[in-house]
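Structure record follows, encoded as structure tokens.
Protein chains: 2
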Amino acid sequence: MSEHPFYEETLSSKSIFSGRMIDLQVDTVRLPDGRTATREIVRHPGAVAVLALLDGGRRMLVVEQYRKPLEKTQVEIPAGKLEAGEDPLAAAARELEEETGYRAKSLELLHTFSTSPGFADEIIHLYIADQLEEGTVRLDDEEFLTSEAISLDEAWEYIRDGRIGDAKTLLAVYAWQQRLAAEARLP
Amino acid sequence: MSEHPFYEETLSSKSIFSGRMIDLQVDTVRLPDGRTATREIVRHPGAVAVLALLDGGRRMLVVEQYRKPLEKTQVEIPAGKLEAGEDPLAAAARELEEETGYRAKSLELLHTFSTSPGFADEIIHLYIADQLEEGTVRLDDEEFLTSEAISLDEAWEYIRDGRIGDAKTLLAVYAWQQRLAAEARLP
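The listed protein sequences derive, respectively, from chains A and B.
Its first residue numbered 252, the first sequence is counted upward by one per residue in this note's numbering.
Its first residue numbered 252, the second sequence is counted upward by one per residue in this note's numbering.
Here's what the structure looks like:
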């Protein structure tokens, strides 16, 4: 595979909105066949999320909060957007402690992925932390949430009943299950 | 857990943009503590994606396309947005055949998840299909992509080298691996 098959050259870019969390632009691009098209693009600063494990990997920290775009409460792994110029690793440690009160002795990058590559540039850096110590919950202004630690069985139950229903948390649960299965196979 | 802890009542909603793929609105909400805040919300029609398996589950169909928001080519499972009023199951069958030329004898819903619950209402319906027959590739206008079938080892290699790097495809690879592992444990 070549590096950029079907490359779309930007012919012009129009800023539509500049907000607190996201910006929106509409680009006019040249398609591979020479025609032009528009692309609606949401710009996002990027985010971090943490698969934070307690009890030797038997429980995972989650937070429950109201998600206005979905008009419902959701249970997700701790996460938050990057602040300007912030290192993702530092952001992950910060968000974990702010939201759950746990401090990670070490964080390991598990995956970096885009959430909606068709219309947004948001990238999530997903970390795993399995050695935690007690710190201090400090929620952001305008942030309302509670945290709890759930077992893998509870996580699958939450997925079935819809309390867990976002991509990063689903991904974290699968990665957690795979990790436990790999550990179980060790002598 | 109650149904809507931290509910945010909408006080007003302002439409910022109405596009071909997404709309943008800014809502003013009442926070649980009585203060007000704004919420930037991208409206999306929803999407479907398919974990389509060939060769008795040993290979997965992927498509390669240029993703303008990321300014790079990505390898993803076949996917596309819902058309107005379209049933997700029918959309999944349509997108799979349009993009890869394979027709699914049956599709099973694996997960329904949100991609970016902090700023977008996009929901992806992820299906699994493991009995495929040859159909006809019919790309949408303005759609440029190629498809291939890769093994699980190749999928993990693509994840490591960044060719695969979006949430739905990562999730599909984990689900595929878990399925193969469960089958291997069967007598």
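Glycine included, every Cβ here is placed at the ideal spot set by N, Cα and C.
Being a predicted model, the structure only gives us computed values, none of them experimental.
Closer than 9 angstroms between beta carbons: that is the criterion. Which residues of the region 306-321 of chain B meet it against chain A?
315, 316, 317, 318, 319, 320, 321
Delimiting residues of the alpha helix (DSSP H) encompassing residue 419/A:
Numbered from 1 along the first sequence, position 168 holds the residue referred to as residue 419/A. 418-436 is the span of the alpha helix (DSSP H), which, as asked, contains residue 419/A.
Go to residue 275/A, then tell me how far its beta strand (DSSP E) extends in each direction, as first and last residue.
Along the first sequence, read from residue 1 onward, the residue named residue 275/A stands at position 24. From DSSP, the beta strand (DSSP E) with residue 275/A extends over 274-281.
Of all the options 257/B, 327/B, 316/B, which has the alpha carbon lying nearest to the alpha carbon of residue 255/A?
Translated into positions along the first sequence, residue 255/A becomes position 4. Ranking 257/B, 327/B, 316/B by Cα distance to residue 255/A puts 316/B first.
Roughly how many angstroms separate the alpha carbons of residue 308/A and residue 401/B, rounded to a whole number?
As a position in the first sequence, residue 308/A is number 57, starting the count at 1. As a position in the second sequence, residue 401/B is number 150, starting the count at 1. Roughly 32 angstroms separates the two Cα atoms.
So, helix, strand or coil for residue 297/B, using DSSP?
One-based indexing of the second sequence puts residue 297/B at position 46. Note: residue 297/B maps to coil in three-state DSSP.
Quick test of the definition: if touching needs 3 or more C-beta pairs under 8 angstroms, does the region 375-391 of chain A touch the region 370-388 of chain B?
no
Taking DSSP as the reference, what is the three-state secondary structure of residue 331/B?
One-based indexing of the second sequence puts residue 331/B at position 80. Strand, per DSSP.
Chain A residues whose Cβ lies nearer than 8 angstroms to that of residue 425/B:
Position 174 of the second sequence, counted from the start, is the residue given in the question as residue 425/B. Per Cβ cutoff of 8 angstroms: 422, 425, 426, 429.
Contact residues within the region 259-271 of chain A, judged by C-beta distance below 7 angstroms to chain B:
259, 267, 268, 270, 271
Considering just the uninterrupted stretch of the alpha helix (DSSP H) at residue 400/A, what are its terminal residues?
Looking up residue 400/A in the first sequence gives position 149. Taken as a continuous stretch (DSSP letters only), residue 400/A belongs to no alpha helix (DSSP H), being part of the beta strand (DSSP E) at 396-402.
Quick one, are the C-beta atoms of residue 386/B and residue 348/B less than 8 angstroms apart?
As a working mapping, residue 386/B is identified with position 135 in the second sequence. As a working mapping, residue 348/B is identified with position 97 in the second sequence. The answer is yes: Cβ separation under 8 angstroms.
Checking contacts by CB at 8 angstroms: is residue 416/B closer than that to chain A?
Working through the second sequence from its first residue, we reach residue 416/B at position 165. Chain A contact via Cβ: present.
Listed by chain order, chain A residues near residue 346/B by CB distance under 7 angstroms
Your numbering for residue 346/B matches position 95 in the second sequence. What residue 346/B touches in chain A: nothing, since even the nearest Cβ is about 12 angstroms away.
Output, in chain order, the set of chain A residues within a Cβ distance shorter than 8 angstroms of residue 255/B.
Stepping through the second sequence from its first residue, residue 255/B is reached at position 4. Here the neighbours are 317, 323, 324.
Which chain A residues sit within Cβ distance under 7 angstroms of residue 366/B?
Stepping through the second sequence from its first residue, residue 366/B is reached at position 115. Simply 366, 367, 418.
DSSP on residue 409/A, reduced to helix/strand/coil?
By one-based count along the first sequence, residue 409/A stands at place 158. Helix, per DSSP.
Supposed close pair residue 426/A, residue 425/B - CB separation, criterion 8 angstroms
Counting from one through the first sequence, the residue named residue 426/A turns up at place 175. Counting from one through the second sequence, the residue named residue 425/B turns up at place 174. About 7 angstroms; that satisfies the 8 angstroms criterion.
One or two residues paired with residue 315/A in a DSSP bridge
Mapped onto the first sequence, residue 315/A falls at position 64. Bridge partners of residue 315/A: 326/A, 397/A.
Enumerate, from N- to C-terminal direction, the unbroken beta strand (DSSP E) stretches of 3 or more residues contained entirely within the region 361-396 of chain A.
374-380, 383-385
Going by DSSP, what residues sit across from residue 261/B in a beta bridge?
Position 10 of the second sequence, counted from the first residue, corresponds to residue 261/B. According to DSSP, which records beta bridges pairwise, residue 261/B is partnered with 280/B.
Please name the residue or residues paired with residue 289/A in a DSSP beta bridge.
Working through the first sequence from its first residue, we reach residue 289/A at position 38. The partner list for residue 289/A (beta bridge, DSSP) reads 279/A.
Between the region 277-311 of chain A and chain B, which residues of the former have a C-beta closer than 9 angstroms to a C-beta of the latter?
277, 278, 280, 282, 283, 284, 286, 288, 289, 290, 291, 292, 293, 294, 295, 298
With H, G and I counted as helix, E and B as strand and the rest as coil, what does DSSP make of residue 337/A?
Here residue 337/A corresponds to residue number 86 of the first sequence, with the count starting at 1. Reduced to three states, the DSSP call for residue 337/A is coil.
Is any beta-carbon of chain A found at less than 8 angstroms from that of residue 252/B?
Against the second sequence, residue 252/B aligns to sequence position 1. Confidence is the limiting factor: at residue 252/B the pLDDT is only 44, short of 50, which leaves the residue's position unreliable and the question unanswerable from this model.
With a threshold of 7 angstroms (Cβ to nearest heavy atom), would residue 438/B be considered close to the ligand FAD?
Looking for the ligand FAD in the displayed structure turns up nothing, as the structure carries no ligands at all.
May I ask you to report which of helix, strand or coil DSSP gives residue 358/A?
For this step, residue 358/A is matched to residue 107 along the first sequence. Coil, per DSSP.
Check the Cβ-Cβ distances between residue 401/A and every residue of chain B, and say whether any is below 8 angstroms.
Along the first sequence, read from residue 1 onward, the residue named residue 401/A stands at position 150. No - not a single Cβ of chain B is within 8 angstroms of the one on residue 401/A.
Buried or exposed, going by whether 16 or more other CB atoms sit within 10 Å of the CB of residue 390/A?
Along the first sequence, one-based indexing puts residue 390/A at 139. So residue 390/A counts as exposed.
Any beta-carbon of chain A closer than 8 angstroms to the one on residue 273/B?
Indexing the second sequence from 1 puts residue 273/B at position 22. Chain A contact via Cβ: present.
What would DSSP say about residue 271/B, mapped onto helix, strand or coil?
On the second sequence, residue 271/B is found 20 positions in, with the first residue counted as 1. In this structure, residue 271/B counts as coil in the three-state DSSP scheme.
Could you tell me the alpha carbon to alpha carbon distance between residue 446/B and residue 279/B, rounded to whole angstroms?
Outside the displayed range of chain B (252 to 438) lies residue 446/B, so it cannot be described from this structure.
Which of helix, strand or coil DSSP assigns to residue 309/A
For the purposes of this step, residue 309/A is taken as the residue at position 58 of the first sequence. In this structure, residue 309/A counts as coil in the three-state DSSP scheme.
Out of 274/B, 335/B, 358/B, 287/B, state which residue places its alpha-carbon closest to the alpha-carbon of residue 300/B.
Residue numbering aside, residue 300/B sits at position 49 when the second sequence is read from its first letter. Residue 358/B is the option with its Cα nearest to residue 300/B.
Are there three or more Cβ pairs, one per stretch, closer than 8 angstroms when the region 264-274 of chain A is compared with the region 285-301 of chain A?
yes
Out of 363/A, 318/A, 336/A, which one is the CA nearest neighbour of residue 393/A?
Reading the first sequence from its first residue, position 142 is the one you call residue 393/A. Closest option to residue 393/A, Cα to Cα, is 318/A.
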